[in-house]
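Written out below as structure tokens is the structure these notes cover.
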Amino acid sequence: MAEEKKLFKVKIDNIPVEVEPGTTILNAARLIGGDVVPPAMCYYSKLQGSGGKCRTCLVKVSKGSDADPRPMPKLVASCRTTVMDGMEVANITSPEVLEARKGVVEFLLLNHPLDCPVCDQAGECDLQDLSYEHGVSATRYEFKRRTFEKEDIGEHIKLHMTRCILCYRCVFTADQLTNNRQHGILGRGDHSEISTYIKASLDQTNFIGNVIDVCPVGALTDRTARFKNRVWFLKPVDAHRECHDPNCCGKTVLWMRGDEIFRVTARKDKYGEVEAFICDTCRFEKKDVKDWVVEGPRKVARYSVISQGHYVGVHKPHETVAKVMDGRQPKLLMDIHSVSEVNQPAVDLSKIEGPAHSNDFPKNNGAQ
Amino acid sequence: MGRKLLLDKAHIEGIRYYDVYRKNGGYAAAEKALKSMSPDQVTEEVKKSGLRGRGGAGFPTGLKWSFLAKPEGVPRYLVCNADESEPGTFKDRYLMEFIPHLLIEGLLISSFALGANRTYIYIRGEYAWIPDILEEAIADAHKNGWLGKNIQGTGFDLDIYVQRGAGAYICGEETALIESLEGKRGNPRIKPPFPAVKGLWQSPTVVNNVETLAAVVPIINIGGDEYSKFGTGKSTGTKLISACGNLNKPGVYEIDMSISVEEFIYSDEYCGGIPNGKRLKACIPGGSSVPILPANLLLKTAKGETRMMTYESLNDGGFATGTMMGSGGFIVLDEDQCVVRHTMSLARFYHHESCGQCSPCREGTGWMKKVLLNIENGKGKMSDIDLLWDIQRKIEGNTICPLGDAAAWPVAAAIRHFRDEFEWHVTNPEEAVKRNFGLAHYADPLPVVAAVV
Amino acid sequence: MAVQFSEEKLNKVKEIIARYPEGKQKSALIPVLHLAQESFGGWLSSETMDYVASLLQITPIEVYEVATFYSMYNLKPVGKYLFEVCHTGPCMVSGSDNIIAYIKEKLGIDVGETTPDGLFTLKTVECLGACGYAPMMQLGKFYKEHLTKEKVDQIIAELRAQAN
Numbered sequence: 001m002a003e004e005k006k007l008f009k010v011k012i013d014n015i016p017v018e019v020e021p022g023t024t025i026l027n028a029a030r031l032i033g034g035d036v037v038p039p040a041m042c043y044y045s046k047l048q049g050s051g052g053k054c055r056t057c058l059v060k061v062s063k064g065s066d067a068d069p070r071p072m073p074k075l076v077a078s079c080r081t082t083v084m085d086g087m088e089v090a091n092i093t094s095p096e097v098l099e100a101r102k103g104v105v106e107f108l109l110l111n112h113p114l115d116c117p118v119c120d121q122a123g124e125c126d127l128q129d130l131s132y133e134h135g136v137s138a139t140r141y142e143f144k145r146r147t148f149e150k151e152d153i154g155e156h157i158k159l160h161m162t163r164c165i166l167c168y169r170c171v172f173t174a175d176q177l178t179n180n181r182q183h184g185i186l187g188r189g190d191h192s193e194i195s196t197y198i199k200a201s202l203d204q205t206n207f208i209g210n211v212i213d214v215c216p217v218g219a220l221t222d223r224t225a226r227f228k229n230r231v232w233f234l235k236p237v238d239a240h241r242e243c244h245d246p247n248c249c250g251k252t253v254l255w256m257r258g259d260e261i262f263r264v265t266a267r268k269d270k271y272g273e274v275e276a277f278i279c280d281t282c283r284f285e286k287k288d289v290k291d292w293v294v295e296g297p298r299k300v301a302r303y304s305v306i307s308q309g310h311y312v313g314v315h316k317p318h319e320t321v322a323k324v325m326d327g328r329q330p331k332l333l334m335d336i337h338s339v340s341e342v343n344q345p346a347v348d349l350s351k352i353e354g355p356a357h358s359n360d361f362p363k364n365n366g367a368q
Numbered sequence: 001m002g003r004k005l006l007l008d009k010a011h012i013e014g015i016r017y018y019d020v021y022r023k024n025g026g027y028a029a030a031e032k033a034l035k036s037m038s039p040d041q042v043t044e045e046v047k048k049s050g051l052r053g054r055g056g057a058g059f060p061t062g063l064k065w066s067f068l069a070k071p072e073g074v075p076r077y078l079v080c081n082a083d084e085s086e087p088g089t090f091k092d093r094y095l096m097e098f099i100p101h102l103l104i105e106g107l108l109i110s111s112f113a114l115g116a117n118r119t120y121i122y123i124r125g126e127y128a129w130i131p132d133i134l135e136e137a138i139a140d141a142h143k144n145g146w147l148g149k150n151i152q153g154t155g156f157d158l159d160i161y162v163q164r165g166a167g168a169y170i171c172g173e174e175t176a177l178i179e180s181l182e183g184k185r186g187n188p189r190i191k192p193p194f195p196a197v198k199g200l201w202q203s204p205t206v207v208n209n210v211e212t213l214a215a216v217v218p219i220i221n222i223g224g225d226e227y228s229k230f231g232t233g234k235s236t237g238t239k240l241i242s243a244c245g246n247l248n249k250p251g252v253y254e255i256d257m258s259i260s261v262e263e264f265i266y267s268d269e270y271c272g273g274i275p276n277g278k279r280l281k282a283c284i285p286g287g288s289s290v291p292i293l294p295a296n297l298l299l300k301t302a303k304g305e306t307r308m309m310t311y312e313s314l315n316d317g318g319f320a321t322g323t324m325m326g327s328g329g330f331i332v333l334d335e336d337q338c339v340v341r342h343t344m345s346l347a348r349f350y351h352h353e354s355c356g357q358c359s360p361c362r363e364g365t366g367w368m369k370k371v372l373l374n375i376e377n378g379k380g381k382m383s384d385i386d387l388l389w390d391i392q393r394k395i396e397g398n399t400i401c402p403l404g405d406a407a408a409w410p411v412a413a414a415i416r417h418f419r420d421e422f423e424w425h426v427t428n429p430e431e432a433v434k435r436n437f438g439l440a441h442y443a444d445p446l447p448v449v450a451a452v453v
Numbered sequence: 001m002a003v004q005f006s007e008e009k010l011n012k013v014k015e016i017i018a019r020y021p022e023g024k025q026k027s028a029l030i031p032v033l034h035l036a037q038e039s040f041g042g043w044l045s046s047e048t049m050d051y052v053a054s055l056l057q058i059t060p061i062e063v064y065e066v067a068t069f070y071s072m073y074n075l076k077p078v079g080k081y082l083f084e085v086c087h088t089g090p091c092m093v094s095g096s097d098n099i100i101a102y103i104k105e106k107l108g109i110d111v112g113e114t115t116p117d118g119l120f121t122l123k124t125v126e127c128l129g130a131c132g133y134a135p136m137m138q139l140g141k142f143y144k145e146h147l148t149k150e151k152v153d154q155i156i157a158e159l160r161a162q163a164n
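Below is the structure:
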């Protein structure tokens with residue numbers, strides 16, 4: 001090797017790593033991997049200028065560098081602080097950091113609706129993971145949370161501002177992937193919101209759909225897939241297609257059930273960041289398996305709810321009743337429909353407007 | 001009489017205008033600097049003077065100037081921070097309104113020292129009439145050859161522009177100010193890089209407070225060494241104090257930093273005591289962000305020494321029993337004032353002014369305000385006081401810019417020193433909405449604490 | 001009515017843009033928004049903001065972002081005279097609460113409301129930097145300081161006379 005670059009020696013939670021000058025503490029920690037990687041809610045390596053805002057990645061610099069060993073006076077955002085040679089950083093080994101992080105999680109959840117049961121992001125939500133790992137079980141906030149009306153910002157994207165944690169990623173995405181940003185951060189303080197101000201549509205460029213992928217929570221969701229299925233019931237498969245857009249990598253994950261494609265997203269790495277951005281045509285319009293070359297199942301981390309029992313090593317349970325009854329099929333002792341007043345297959349519940357009442361069901365087999 | 005360096009000529013009729021200002025020794029310092037000194041020599045004098053930033057942080061000005069990166073072919077900027085918005089502070093307004101040429105002259109000398117040819121005065125939007133005064137002064141300085149091309153034949157060029165803000169306390173933070181000057185939202189930048197390396201339009205920039213830049217004029221006039229003889233210790237020179245609240249004579253005073261807090265409040269030369277024979281309850285001596293002190297700790301330190309109006313003496317005891325000089329916004333509360341309500345109003349202020357960029361400040365300031373409002377309205381719980389303490393602790397130090405700290409400190413200090421009053425609000429909810437806790441024991445002399453070894 | 005600056009004001013815009021280096025005309029946004037608010041009815045409609053965006057060759061969203069950040073821009077129509085009374089700490093200890101209550105009673109409106117005749121809007125604002133001259137309010141370009149009930153009466157009477 002000709003000119004070998006001098007690498008900086010850094011220690012994170014006492015684990016040594018050598019990185020190139022200019023690397024941030026967070027990225028140095030990612031080189032080590034595992035538990036020492038600080039969580040990041042606003043930083044996104046593919047978006048220039050992102051990071052520094054959510055404060056979840058705060059770490060303690062216990063030694064500045066070999067040249068200046070003084071510790072830094074305050075906790076620093078690891079995503080925006082570059083390493084120095086000889087720097088020593090404490091993340092999970094610092095009670096101060098863990099305490100501060102717990103505080104940040106509480107602040108992030110303060111105005112968050114915690115509507116995970118009805119949120120499409122559930123199961124792949126960074127905030128959910130963060131609060132599970134670093135939060136506490138109860139809130140101390142006793143006031144009304146701020147809420148916003150849901151808004152369709154264009155044909156394909158739903159903005160659910162109430163869930164937003166103001167990471168600014170979608171703003172950077174629109175700035176850097178499209179040349180026509182229509183939405184931004186409006187207002188100030190805890191009244192800030194993502195908005196177009198004039199209820200404009202975002203669908204004016206072919207890359208705006210990426211705001212859905214970069215959103216760490218369920219504030220921006222895919223209208224073509226909303227409420228269609230839970231992510232953990234879907235089978236993610238890697239697929240690609242020849243995309244005509246030169247800026248689109250064409251490599252995606254199809255979220256399928258059977259042959260049906262429910263959703264198309266970019267491929268995300270273990271930090272929840274897309275490997276490469278995809279265009280809106282691939283994302284929103286190619287919902288037929290014939291559009292794609294399927295490569296095979298997407299590897300999903302074992303701890304993820306998405307990998308829970310559905311397509312790897314799933315076996316249909318054996319019917320054992322017949323076996324123990326010498327081959328006789330079990331017999332129903334009572335047909336529920338004959339005794340129940342309301343449980344009648346003849347009545348199509350989906351056709352009843354509003355909740356069903358007893359008088360929606362003809363009594364005693366139509367004797368009414 | 002205390003000696004004055006900035007307001008010594010403020011009483012002269014017409015000092016606002018160029019001719020009078022010039023006749024009374026104005027622009028002599030500029031002449032001296034531009035014609036007989038090198039930029040480095042000017043910086044050296046400022047360093048020698050020991051001048052500390054008058055905006056609130058108290059960082060040594062000469063040192064700040066020496067950090068300015070000087071790459072070839074890249075313009076450098078000086079920005080004057082006139083976004084005076086810290087509650088209790090109104091001294092820069094006084095300078096700009098009454099002696100605008102002092103600021104222009106200070107800007108000229110400082111720009112010369114820093115090699116800046118384009119300088120901006122960023123003034124808070126609400127001071128809507130002051131840009132006219134400044135622009136008139138700038139025009140007169142132009143006419144008389146103190147601005148523009150080849151100033152006084154020295155080859156130095158300088159233009160000064162006034163930029164109005166539009167209502168945002170956060171723009172007093174230097175990087176938020178720069179963002180605002182670039183026509184953006186006033187979101188503070190994440191540092192590093194610092195403005196000295198990448199500031200306005202990514203060029204090296206120095207941001208200094210109005211009073212700091214004005215103080216450069218007497219420093220050049222009398223020399224840094226002479227200037228440093230004013231005041232005491234590391235608090236050199238004179239400081240403008242804007243006194244307000246329950247005082248007989250609120251207003252802007254120039255003090256040489258060698259008088260006691262008691263003298264400042266009670267002497268006729270300064271604030272003239274508290275009106276209606278009321279007694280002193282508490283004081284926030286450096287603008288709303290600094291810790292509030294009860295009367296007993298304000299006048300004497302925990303060691304029993306007289307507290308002086310200096311950076312060091314006000315800081316004596318750290319956050320446990322001391323406070324800070326800050327921006328010199330001196331807010332006095334008499335025995336009729338409610339500390340809980342006052343703290344709530346400050347929490348409301350910081351909630352209103354939080355830019356919303358980083359989560360602890362965005363969410364925490366509003367939370368503190370709501371909890372304080374409950375306590376103030378007799379709806380608080382004992383646990384709310386501990387909750388407040390915990391919230392402020394989780395904001396402090398964990399935010400992008402110092403606004404988080406500024407929001408946390410007043411709450412922390414109020415609970416630290418006035419916990420009795422908070423508890424009284426909780427235990428006497430009905431009374432608390434009708435009357436105030438009063439002076440209580442907050443002026444009682446404290447037993448002198450033996451030095452901790 | 002199309003939003004359009006007069007020739008004189010357009011020259012002012014040019015003058016403002018000239019304060020900044022070439023290509024940095026976005027810096028003119030805050031001063032130009034002030035000018036626009038003064039010129040078009042005391043508030044900023046989205047048409048006004050779009051017009052400012054076109055003048056400075058920036059996108060409308062950049063203008064919305066800025067206009068909604070700063071508290072001096074009114075995003076809804078306001079009365080002819082805007083009373084912005086400070087209620088932060090130093091003003092509060094000097095009696096701003098009483099002044100606000102008095103104005104409310106006198107004009108028969110709450111904070112944030114406009115009188116039916118469209119003359120007065122009352123707002124509470126945070127510290128305006130006049131703490132030594134409290135209680136005080138901003139009225140248009142200037143401050144009204146050392147407010148008392150009598151002074152409020154006088155101000156309101158003068159403005160009413162001026163409006164007629």
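Protein chains in written order, with full-length UniProt numbering: chain F, 1 to 368; chain V, 1 to 453; chain L, 1 to 164. Just so you know, even glycine gets a beta-carbon here, dropped at the ideal spot from N, CA and C. The model shown is predicted, which means the values in this text are computed figures rather than measured ones.
Inclusion of residue 257(F) and residue 286(F) in the CB contact set at 8 Å is not warranted, their separation being larger than that value. For the options 116(V), 411(V), 61(V), 52(V), the alpha carbon positioned closest to that of residue 350(V) is the one of 411(V). For residue 301(V), none of the residues of chain L pass the 7 Å Cβ criterion, the least Cβ distance being about 24 Å.
Close to residue 244(V), with beta-carbon spacing below 7 Å, are these residues of chain L in chain order: 90, 131, 132, 134.
Chain-ordered, the chain V residues with CB closer than 9 Å to the CB of residue 26(L) read 182, 183, 184. Judged by DSSP secondary structure, residue 47(L) falls outside any beta strand (DSSP E) and instead within the alpha helix (DSSP H) spanning 46-56. Considering only beta carbons, the part of the segment 182-193 of chain F lying closer than 8 Å to chain L consists of 182, 183, 184, 185, 186, 187, 188, in chain order. The Cβ of residue 197(F) sits closer than 8 Å to at least one Cβ of chain L.
Contact between residue 164(F) and residue 217(F) is confirmed by a C-beta separation of about 7 Å, below the 8 Å threshold.
Looking from the CA of residue 34(L), the closest CA among 156(L), 152(L), 63(L) belongs to 63(L). Going by DSSP, residue 343(V) is part of the alpha helix (DSSP H) stretching over 339-353. Between residue 49(L) and residue 67(L), the C-beta spacing is below 8 Å.
Taking CB atoms only, residue 126(V) has a neighbour in chain L less than 8 Å away. Leaving aside the five residues that flank residue 354(V) on each side, the residues in its chain whose CB is nearer than 6 Å to its CB run, in chain order, 361, 362, 365. Residue 370(V) belongs to the set of residues whose beta carbon lies under 8 Å from a beta carbon in chain F. Around the beta-carbon of residue 239(V), 16 or more other beta-carbon atoms lie within 10 Å, marking it buried. DSSP places residue 243(F) outside any alpha helix (DSSP H), giving it a letter other than H or E. Burial is judged here by how many other beta carbons sit within 10 angstroms of a residue's own beta carbon; residue 57(L) has fewer than 16 and is exposed. Among the residues of chain F, none has a CB under 7 Å from the CB of residue 5(L); the nearest is roughly 21 Å distant.
Interface flag for residue 166(V) against chain L is set, since a Cβ pair is found closer than 8 Å. Distances from the alpha-carbon of residue 300(F) to those of 278(F), 322(F), 279(F), 270(F) put 270(F) closest. Judged by DSSP secondary structure, residue 361(V) falls within the alpha helix (DSSP H) whose first and last residues are 359-376. Residue pairing by DSSP places residue 161(V) opposite 120(V) in a beta bridge. The closest CA to that of residue 135(F), considering only 126(F), 325(F), 143(F), is found on 126(F). Distance from the Cα of residue 426(V) is smallest, within the candidate group 444(V), 317(V), 377(V), for 377(V). Judged by beta-carbon spacing, residue 124(V) lies beyond the 8 Å limit of residue 180(V), meaning their Cβ atoms are not closer than that value. DSSP places residue 62(F) within a strand segment (E or B) once states are collapsed to three.
Here the alpha carbons of residue 76(L) and residue 150(F) stand approximately 22 Å from one another. Contact annotation for residue 89(V) against chain L: 127, 129, 131 [CB-CB distance below 9 Å, chain order]. Counting every other CB atom within 10 Å of its CB across the protein chains shown gives residue 147(F) a total below 16, marking it as exposed.
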